[in-house]
Amino acid sequence: MEEFALDQLVGIGLYTPAEAARLAAVPAAKISRWLTGHTMKGRFYEPLWRSQIDLKDGKVYLGFRDLMEVRVADALMNVGVSAIRVRAAIEMAREVYGLDHPLSTESFRHNGRDIFMKVIERDANGAEREDLLNTFRRQYEFTAVVEPSLKHIEFDHAGTPRLWWPRGKGTRIVVDPARSFGQPIDTSSSVPTSILAAAGEHQGVELAAKAYDVTVAAIRRSMKFEAENKARLAA
Numbered sequence: 625m626e627e628f629a630l631d632q633l634v635g636i637g638l639y640t641p642a643e644a645a646r647l648a649a650v651p652a653a654k655i656s657r658w659l660t661g662h663t664m665k666g667r668f669y670e671p672l673w674r675s676q677i678d679l680k681d682g683k684v685y686l687g688f689r690d691l692m693e694v695r696v697a698d699a700l701m702n703v704g705v706s707a708i709r710v711r712a713a714i715e716m717a718r719e720v721y722g723l724d725h726p727l728s729t730e731s732f733r734h735n736g737r738d739i740f741m742k743v744i745e746r747d748a749n750g751a752e753r754e755d756l757l758n759t760f761r762r763q764y765e766f767t768a769v770v771e772p773s774l775k776h777i778e779f780d781h782a783g784t785p786r787l788w789w790p791r792g793k794g795t796r797i798v799v800d801p802a803r804s805f806g807q808p809i810d811t812s813s814s815v816p817t818s819i820l821a822a823a824g825e826h827q828g829v830e831l832a833a834k835a836y837d838v839t840v841a842a843i844r845r846s847m848k849f850e851a852e853n854k855a856r857l858a859a
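FYI, in this note's numbering the residues of the sequence shown are 625 to 859.
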């Protein structure tokens, strides 16, 4: 975890757990536990990984890479992989790839099944172990779990996430850590969708478009995007 001044966050992104929850459709409390650890029945469970960001104010923040990791970790846990196994897989993948946030890389997408097989085979918990072995035995089964969480991500030459189009490029809404601290923006204007959506709700679509010098379509798609995020998180 690194300490940052705000002017050093360009290209890294900055999200509270609530903001990350809105984008990833994962509860904020769960995200916070994953990044800070938690105590259960007198036992402390270590964080799944360390956040990219520490502003030294006692609060939890995520960077863009953390946000991408959250999506993959959630996909794995949704098919029954325990947090302990996810942490073990992250640690092993970190050693193999030499990266602090390995789950959201192209290398993990292509080779992560082998890492999970090794993690699962280390465990001796009977039926659970067998169920997970069945889940990850074939490459396409592993891909079916991980691939949706890496959909619409653009990777750089090193295979690490660079941009994320949450609903695909056709929506013209992108999450770019180099712009607006990683908040979703309308690509035609670079204005955050949360601002355009709020303006559309309070001023009406036509007036909001004039106020921000954007198209009516930009206001409408921003309003739709923000409404869908709220609905997904509430579901």
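Just so it is clear, CB atoms sit at the ideal spot from N, CA and C, and this is done for glycine as well.
Note that the structure is a prediction, hence the values are computed from the model and not measured.
Terminal residues of the beta strand (DSSP E) in which residue i lies
| i | result |
| --- | --- |
| Y669 | R667 to Y669 |
| W658 | Unbroken run through W658 is the alpha helix (DSSP H), A652 to T660; no beta strand (DSSP E). |
| L787 | P785 to W788 |
Beta-carbon gap between residue i and residue j smaller than 9 Å
| i | j | result |
| --- | --- | --- |
| A732 | A717 | It is worth fixing the name first, because residue 732 is Phe in this sequence and not Ala. Cβ distance < 9 Å, so F732 and A717 count as in contact. |
| V684 | I655 | yes |
| I708 | V720 | no |
| L647 | P816 | no |
| F779 | V634 | no |
| Y639 | L700 | no |
| E852 | T784 | no |
| R689 | I636 | yes |
| A802 | L820 | no |
| V705 | T767 | no |
| W788 | D724 | no |
First and last residue of the uninterrupted alpha helix (DSSP H) at residue i
| i | result |
| --- | --- |
| E771 | Here E771 belongs to no alpha helix (DSSP H), and DSSP marks it neither H nor E. |
| A697 | F688 to M701 |
| S818 | T817 to Q827 |
Residue i - partner residues in DSSP beta bridges
| i | result |
| --- | --- |
| F849 | According to DSSP, F849 bridges with nothing at all. |
| V798 | I809 |
| Y639 | L686 |
| M741 | DSSP, once it has assigned bridges, lists no residue as partnering M741. |
| T663 | F668 |
| F779 | P785 |
CB-CB length for residue i against residue j, believed under 8 Å
| i | j | result |
| --- | --- | --- |
| V796 | S812 | What sits at residue 796 in the sequence shown is Arg, not Val. That pair is a contact at about 6 Å. |
| A652 | A642 | 5 Å |
| V703 | V798 | Not quite, the Cβ-Cβ distance comes to about 28 Å (not below 8 Å), so this is no contact. |
Residue i: CB within 8 Å of a non-hydrogen atom of the ligand FAD
| i | result |
| --- | --- |
| K680 | This structure does not include the ligand FAD; it has no bound ligands of any sort. |
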